[in-house]
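Beneath this line is the structure, given in structure tokens, with notes to follow.
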Amino acid sequence: MIRWFQFGTFCPVMRMHGNRLPRTDIYLPNGQETEGTGAPNEIWSYGESNYQIMKKYVLIRESIKEYTKSLMIQAHKTGAPVIRPLFYDFPKDPAAWDIKYEYMYGPDLLIAPVTLGDATSIQVYLPAGCTWTEAHTGLQYDGGQTVQAQAPLETIPVFLRDGRQSYLIRKI
Numbered sequence: 000m001i002r003w004f005q006f007g008t009f010c011p012v013m014r015m016h017g018n019r020l021p022r023t024d025i026y027l028p029n030g031q032e033t034e035g036t037g038a039p040n041e042i043w044s045y046g047e048s049n050y051q052i053m054k055k056y057v058l059i060r061e062s063i064k065e066y067t068k069s070l071m072i073q074a075h076k077t078g079a080p081v082i083r084p085l086f087y088d089f090p091k092d093p094a095a096w097d098i099k100y101e102y103m104y105g106p107d108l109l110i111a112p113v114t115l116g117d118a119t120s121i122q123v124y125l126p127a128g129c130t131w132t133e134a135h136t137g138l139q140y141d142g143g144q145t146v147q148a149q150a151p152l153e154t155i156p157v158f159l160r161d162g163r164q165s166y167l168i169r170k171i
């Protein structure tokens, strides 16, 4: 759940979906069954530790609101995707063409979702041609290499291209 929520933070639309158990059936006055409802689905209904992590990502989402808005405007005007494969922004980097589990959120943020259960670190390829700042730690790396990014449950690896959007470093 937390990893899905982190991923959603860096998507065009951040929204929780689902139908938590127990489910309650709902009936119309004529007795016909209609759409049911599930248990509470608000971020505070998943326990205090999960709430604190999800709250952090809601605040991160809010902090990049203007950036996200600019991406949506660009998408409308030019057709540029908001979420892009690495090769979109780095077509001359051959390694960028083979990366399947990372993506760019606009031109400035490289996102490496954690997709393996219980993983606490993952390998992240940083495209050549620029420097990258790990948002969580502030560490800087030259592009064109793979790094081992720490990814405890409360952290999704995010890298800032050439220090862009550096205000995020304190928040992620």
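For the sequence shown, the positions run 0 to 171 when numbering that gives the first Met the number 0 is used.
We put the beta carbon where it would ideally sit given N, CA and C, even for glycine.
In this text the structure is predicted, and so the values were computed from the model without any measurement.
- When secondary structure is reduced to three states using DSSP, Y26 falls in the strand class.
- Cα atoms of L108 and P28: separation of roughly 51 Å, rounded to the nearest angstrom.
- The C-alpha of Q73 lies about 43 Å from the C-alpha of T23.
- Per the DSSP secondary-structure output, D141 pairs in a beta bridge with T130.
- The Cβ atoms of I82 and P11 lie closer than 8 Å to each other.
- Listed in chain order, the beta strand (DSSP E) runs fully inside the segment 24 to 112 are 32 to 36, 102 to 104, 108 to 110, counting runs of at least 3 residues.
- For F158, the enclosing beta strand (DSSP E) begins and ends at 157 to 160.
- Exposure of P21 is indicated by the presence of fewer than 16 other C-beta atoms within 10 angstroms of its C-beta.
- In the same chain as L125, and ignoring 5 residues on each side of it, the C-beta atoms closer than 8 Å to its own belong to L109, W131, Y140, D141, G142, G143, Q144, T145, V146, F158, in chain order.
- For N40 against I1, the beta-carbon gap comes to about 14 Å, at or over 8 Å, which does not count as contact.
- DSSP places F6 inside the alpha helix (DSSP H), whose first and last residues are 1 to 8.
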